[in-house]
Structures are given as structure tokens and as C-alpha cells.
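**Q**
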Ligand code: FEO
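Numbering (this note's numbering), first residue to last: 374 to 782.
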């Protein structure tokens with residue numbers, strides 16, 4: 374892969390990781406990229422670096438454009454190791470005049486690499502820095518998604534280097550949004566938001582409002598993962614506007630695990646009831662779906678229906694693990710219902726209800742339990758539950774007030 378020129382004297386010099394399939398618990402089935410960018414000006418500037426094993430690829434790309442020793446500044450938009458793992462070796466090789474970062478970025482760099490004598494240059498939000506012909510300005514994006522995170526904007530070229538935001542895990546030989554399949558791109562962008570940014574949605578909302586207020590002309594958004602947005606900027610901004618309020622599409626997810634098939638039979642009954650109400654739904658068995666793919670669906674769903682039998686006075690481990698993951702990401706603005714089979718104690722439904730209550734889902738039914746194996750009357754009750762959820766969801770989507778059930782089982 375050769376460096377790609379984004380604008381005159383602005384190059385992509387990053388690395389493509391075709392191999393990775395796990396990103397701290399998030400399945401990256403299409404690999405990823407670690408994007409870094411080089412600006413040639415009176416002050417030659419490198420924006421971000423790459424994960425440690427990809428240092429040679431980065432340096433090779435830089436060398437094909439300029440002698441790395443000529444780089445004056447390194448901008449660190451984000452300290453997480455996928456963008457800074459190679460930094461110590463890169464700093465040693467380049468010996469830059471400045472390492473530009475946010476105040477929290479300096480703290481994080483010190484805690485990661487313990488280098489007191491690096492030439493840190495801390496920038497304040499809104500600060501500008503001339504490189505000669507081009508000017509950088511810096512936008513603090515604290516907690517999107519780390520305390521150190523910031524964006525860098527090149528005024529003359531109208532390029533926003535957005536760090537993790539607007540990125541996606543997608544290894545591809547193409548570098549721009551209009552060169553890849555748009556459905557794949559939007560799916561991977563949804564998955565990225567769902568698994569990395571959902572928890573920080575209130576901050577995303579504020580950031581989008583701030584960027585709109587600043588009225589920044591943006592020709593390109595260049596994130597640190599995936600492709601550069603140039604033709605579909607409106608589309609990704611519109612999607613972020615929806616995702617940051619966790620807007621559902623009117624559909625329901627039945628997310629379940631099953632032991633001896635009873636909970637699956639209950640799930641089928643609920644699905645039949647949803648169908649009768651004309652609600653689009655998806656059955657998601659946790660035995661065959663990765664939690665990060667499930668979260669991708671959760672982000673854009675309106676009703677979350679959780680099913681799990683009771684095991685050892687608790688839930689099956691896959692449901693417990695999924696709930697821990699989902700609670701960490703805190704999706705909101707959903708209707709929730711729990712169901713499951715049990716043998717003698719039956720705590721799983723209560724535990725799932727508790728988790729959804731903590732996430733402030735609107736619980737629209739106390740929950741449904743069936744002992745051992747459902748018979749005809751139980752399955753009829755499941756169908757009725759599907760109908761109830763469907764009707765409540767229609768009211769929810771119409772903006773009617775739905776009170777959460779207090780008396781959950
Ligand atoms: Fe791509 Fe937060 O690192």
C-alpha cells in the first residue's frame with residue numbers, strides 16, 4: 374500500500390491490519406486500519422502514529438515521501454495503544470521539536486511511556502498553530518472516548534482529523550468512503566459506534582451541536598480507523614445524530630439463550646405475537662451471535678426482549694456476560710421485557726429485569742416464567758406477551774407516555 378494524497382501535501386501514511394479479529398472483546402471480522410497522516414509544510418507534521426507492530430509500515434510510508442528526520446511535530450490526538458504503541462520508537466527515530474497533545478494527553482503519555490523529557494506541547498481547545506502555509510486548530514473531545522481525546526482541523530484544506538470518532542474497523546485497500554461498498558461501510562460504522570461510543574452519547578450530542586455552531590467547513594473527515602469521509606459526510610453526521618439519542622427503528626430484538634429448548638420455544642411464541650402486531654423483529658441466540666454484533670442491533674432497536682432460563686439461582690453465563698457488556702455501554706430509549714423457563718427457583722427473569730431497570734429501559738411487563746417445558750397454554754401466553762409488547766411499542770413510537778412496570782418478577 375502506498376501513501377495516498379488527501380489534499381496537496383497532506384498524505385495518509387498509516388497501516389492496514391488485515392489480521393485482527395478481536396479488539397478488546399469487540400469482534401473485528403473485517404480487520405482494521407491504524408491511520409496516520411503526514412503534512413508537508415515549513416513545519417512537517419505527523420498526525421498520530423500506529424499500533425506497535427505496524428511501526429515499520431508507517432516509517433516506510435513516511436520515507437517514501439520525506440526523510441523522517443525532517444518531521445518537526447507529532448500530533449497525538451489520542452493515547453490509546455492502537456495509535457501510540459509505536460510512539461516511543463517513532464520519537465526516537467524522528468527526534469521531533471514538539472509532541473502536540475491535550476492537557477490530559479500529556480498526562481496519559483507520561484503514564485503510558487514514562488518519558489519526562491519528551492518535548493510536550495500542550496494545546497488548549499480552540500488554539501491555532503501555524504505550520505507555514507497550513508494552520509492547525511485543536512478541538513478538545515474529552516471522553517470521546519478517552520480523557521485525552523482531541524480532534525485536529527486543517528483550516529486551509531478543511532480536513533478534520535477526528536481520531537476514533539467517525540471511524541470503523543474495516544481493512545481495505547481503498548482509502549475513501551466512495552471507493553467502498555456503502556452498506557458495508559455504514560454497517561461497520563454502526564458497529565463501531567455501538568461498541569465504542571454508546572456510553573458517551575450525551576457528549577457526542579454536545580459535540581455535534583458545538584461543531585454545527587462553529588459552522589466549520591468540512592471537506593473531509595479523516596478518522597484513525599477505516600476510510601476517509603469525503604462524499605458521504607452528511608450521511609455519517611446524520612447517523613451520529615440518530616445514534617447519539619439511541620433512536621430505534623421501531624423493531625424488536627429477542628435476545629436469548631436456552632438450556633433444554635424451553636426458552637427458545639417461548640421466544641418463538643413471543644415472536645409470533647410480535648408478528649401479529651406487524652412489528653419487525655429479530656431472534657438472536659447468544660450461542661451463535663457475538664456480543665458486539667448483538668450490540669450493533671441493540672443500538673438501532675426499539676424493544677429489547679431478553680430470554681434466559683435459570684441456572685444455579687442465576688442466569689446462563691452467556692446472558693450474564695452479555696448483560697455486563699450492555700450495561701457498560703448503557704443504551705437507552707428502549708422498551709424492555711424478560712422471560713425464561715426455570716426448574717425450581719427461577720431467578721433469571723428477575724435478574725434480567727433488574728439489569729434493564731438499571732439501564733432505565735421502560736419495562737412494559739412484569740416478566741414471564743414457565744416451569745420446565747411449556748405446554749400449549751404457556752405458548753399461548755407467550756403469543757399474548759408478544760402482542761402486548763407490540764401494542765406497547767406502537768404507543769411508545771407514537772410518543773405516548775408508557776409507565777414502567779414497578780412490580781417486576
Ligand atoms: Fe482507536 Fe481509542 O483507540
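Every residue gets a Cβ at the ideal spot worked out from N, C-alpha and C, and that includes glycine.
#1: Leaving out the 5 sequence neighbours to the left and right, which residues in its chain are closer than 7 Å to residue 395 when beta-carbon positions are compared?
#2: Taking 7 Å as the line, does the beta carbon of residue 597 fall inside it for any heavy atom of the ligand FEO?
#3: Kindly provide the chain-ordered list of residues whose Cβ lies closer than 5 Å to any non-hydrogen atom of the ligand FEO.
#4: Is the separation between the beta-carbon of residue 643 and that of residue 755 shorter than 8 Å?
#5: Can you tell which of 606, 753, 769, 414 has its C-alpha closest to the C-alpha of residue 742?
#6: When every heavy atom of the ligand PLP is checked, does at least one fall within less than 7 Å of the C-beta of residue 630?
#7: If you run the structure through DSSP and keep just helix, strand and coil, what is residue 655?
#8: Just to confirm my understanding: we take residue 747, look at its own chain, exclude 5 residues before and 5 after, and list those with CB closer than 8 Å. What are they?
#9: Can you tell which of 593, 563, 578 has the C-alpha that lies nearest to the C-alpha of residue 586?
#10: Who are the near neighbours of residue 520 in its chain, counting only those whose CB is closer than 6 Å to its CB and skipping five residues on each side?
#11: Anyone know if the C-beta pair for residue 675 and residue 726 falls short of 8 Å?
#12: Flag this pair as yes or no: are the beta carbons of residue 452 and residue 421 separated by less than 8 Å?
#13: Out of 712, 768, 596, 524, which has the shortest C-alpha to C-alpha gap to residue 583?
#14: Output needed for residue 573: all residues of its chain with C-beta closer than 8 Å, excluding positions within five of it in sequence on either side, in chain order.
#15: In the segment 504-565, which residue ranges form an unbroken beta strand (DSSP E) of at least 3 residues, counting only runs that do not cross its ends?
#16: Take the Cβ of residue 454 as the centre, count every other Cβ of all protein chains shown within 10 Å, and call the residue buried at 16 or more, exposed below.
#17: Find out if the Cβ-Cβ distance for the pair residue 412, residue 471 is shorter than 8 Å.
#18: Taking Cβ to Cβ, would you say residue 571 is nearer than 8 Å to residue 426?
#19: At what residue ranges does the segment 693-740 contain a whole run of the alpha helix (DSSP H), taking only runs of 4 or more?
#20: So, do the segment 523-542 and the segment 593-605 have three or more beta carbon pairs nearer to each other than 8 Å?
#21: Quick one: grab the DSSP three-state call for residue 632.
#22: In the structure shown, what three-state DSSP assignment does residue 584 receive?
#23: Could you compute how far the alpha carbon of residue 387 sits from the alpha carbon of residue 670?
#24: Got a sec, what are the start and stop residues for the beta strand (DSSP E) residue 796 sits in?
#25: Rounded to whole angstroms, what's the CA-CA distance from residue 397 to residue 614? Just pull it up for me.
#26: Look at the alpha carbon of residue 496 and the alpha carbon of residue 544, and state the distance between them as a whole number of angstroms.
#27: Nearest to residue 690 by alpha carbon, out of 569, 463, 580, 632?
#28: Between the segment 481-493 and the segment 555-570, can you find at least three pairs of beta-carbon atoms closer than 8 Å?
#29: Check residue 596 in the structure and name its three-state DSSP category.
#30: Tell me whether residue 751 is buried or exposed, calling it buried when 16 or more other Cβ atoms sit within 10 Å of its Cβ.
#31: Please name the residue, chosen from 630, 658, 765, that lies closest to residue 651 on a Cα-to-Cα basis.
#32: Under 8 Å, do residue 646 and residue 757 count as touching if we go by C-beta distance?
#33: DSSP three-state call for residue 666: helix, strand or coil?
#34: For residue 484, is the classification buried or exposed, using 16 other Cβ atoms within 10 angstroms of its Cβ as the cut-off for buried?
#35: Let me make sure I understand the geometry here. Which of 630, 710, 708, 734 has the alpha-carbon closest to that of residue 684?
**A** Taking the definition as stated:
#1: By 1-based counting over the chain shown, the position of residue 395 is 22. Result list for residue 395: 401, in chain order.
#2: For the purposes of this step, residue 597 is taken as residue 224 along the chain shown, with counting starting at 1. Flag set: Cβ of residue 597 near the ligand FEO.
#3: 453, 455, 537
#4: Walking along the chain shown from the start, residue 643 turns up at place 270. Walking along the chain shown from the start, residue 755 turns up at place 382. A contact, by the Cβ cut-off of 8 Å.
#5: In the chain shown, the residue the question calls residue 742 occupies position 369. Per the Cα distances, 753.
#6: Absence of the ligand PLP from the depicted structure is noted, with the ligand FEO being the only ligands included.
#7: Counting from one through the chain shown, the residue named residue 655 turns up at place 282. Three-state DSSP puts residue 655 in a strand.
#8: Mapped onto the chain shown, residue 747 falls at position 374. Excluding positions up to five away in sequence, the list reads 635, 638, 639, 642, 714, 755.
#9: The residue you call residue 586 lines up with position 213 of the chain shown. Per the Cα distances, 578.
#10: By 1-based counting over the chain shown, the position of residue 520 is 147. Within its own chain, the residues whose Cβ lies closer than 6 Å to the Cβ of residue 520, once the five positions on either side in sequence are excluded, are 477, listed in chain order.
#11: In the chain shown, residue 675 corresponds to position 302, counting from 1. In the chain shown, residue 726 corresponds to position 353, counting from 1. With contacts defined as CB atoms closer than 8 Å, residue 675 and residue 726 fail to qualify as a contacting pair.
#12: By one-based count along the chain shown, residue 452 stands at place 79. By one-based count along the chain shown, residue 421 stands at place 48. No, the pair does not count as a contact, with Cβ atoms beyond the cut-off.
#13: Here residue 583 is taken as the residue at index 210 of the chain shown, counted from 1. Among 712, 768, 596, 524, the Cα nearest to that of residue 583 is on 524.
#14: Position 200 of the chain shown, counting from 1, holds the residue named residue 573. Cβ within range, chain order: 516, 517, 518.
#15: 508-513, 523-527, 532-536
#16: For the purposes of this step, residue 454 is identified with residue 81 of the chain shown, where counting begins at 1. Its Cβ having fewer than 16 others within 10 Å, residue 454 is exposed.
#17: Position 39 of the chain shown, counted from the first residue, corresponds to residue 412. Position 98 of the chain shown, counted from the first residue, corresponds to residue 471. No. Outside cutoff.
#18: Against the chain shown, residue 571 aligns to sequence position 198. Against the chain shown, residue 426 aligns to sequence position 53. Cβ atoms of residue 571 and residue 426: not closer than 8 Å.
#19: 721-731
#20: Touching, yes.
#21: For the purposes of this step, residue 632 is taken as the residue at position 259 of the chain shown. In this structure, residue 632 counts as coil in the three-state DSSP scheme.
#22: Within the chain shown, the letter at position 211 stands for residue 584. If DSSP states are grouped into helix, strand and coil, residue 584 belongs with the helices.
#23: As a first step, residue 387 must be located in the chain shown, where it is residue number 14. As a first step, residue 670 must be located in the chain shown, where it is residue number 297. Looking at the two C-alpha atoms, the distance is approximately 30 Å.
#24: Shown here, the chain extends from 374 to 782; a query on residue 796 therefore has no answer.
#25: To locate residue 397, count along the chain shown from 1; it is residue 24. To locate residue 614, count along the chain shown from 1; it is residue 241. Each residue's Cα considered, the two are about 26 Å apart.
#26: Residue mapping note: residue 496 aligns to position 123 of the chain shown, counting from 1. Residue mapping note: residue 544 aligns to position 171 of the chain shown, counting from 1. Using only the alpha carbons, I get a separation of about 32 Å.
#27: As a working note, residue 690 is residue 317 in the chain shown. Here the closest residue by C-alpha is 632.
#28: With fewer than three CB-CB distances shorter than 8 Å, the segment 555-570 does not count as touching the segment 481-493.
#29: Within the chain shown, numbered from 1, the residue matching residue 596 stands at position 223. Strand.
#30: Mapped onto the chain shown, residue 751 falls at position 378. Buried, by the Cβ-count rule.
#31: For the purposes of this step, residue 651 is identified with residue 278 of the chain shown, where counting begins at 1. The residue with the shortest Cα to Cα distance from residue 651 is 765.
#32: By 1-based counting over the chain shown, the position of residue 646 is 273. By 1-based counting over the chain shown, the position of residue 757 is 384. A Cβ-Cβ contact shorter than 8 Å links residue 646 with residue 757.
#33: If you number the chain shown from 1, residue 666 lands on position 293. Residue 666 falls in the helix class under three-state DSSP.
#34: Locating residue 484 in the chain shown gives position 111, counting from the first residue. For residue 484, the number of other beta carbons within 10 angstroms of its own is below 16, and it is reported as exposed.
#35: Translated into positions along the chain shown, residue 684 becomes position 311. The candidate whose alpha carbon is nearest that of residue 684 is 630.
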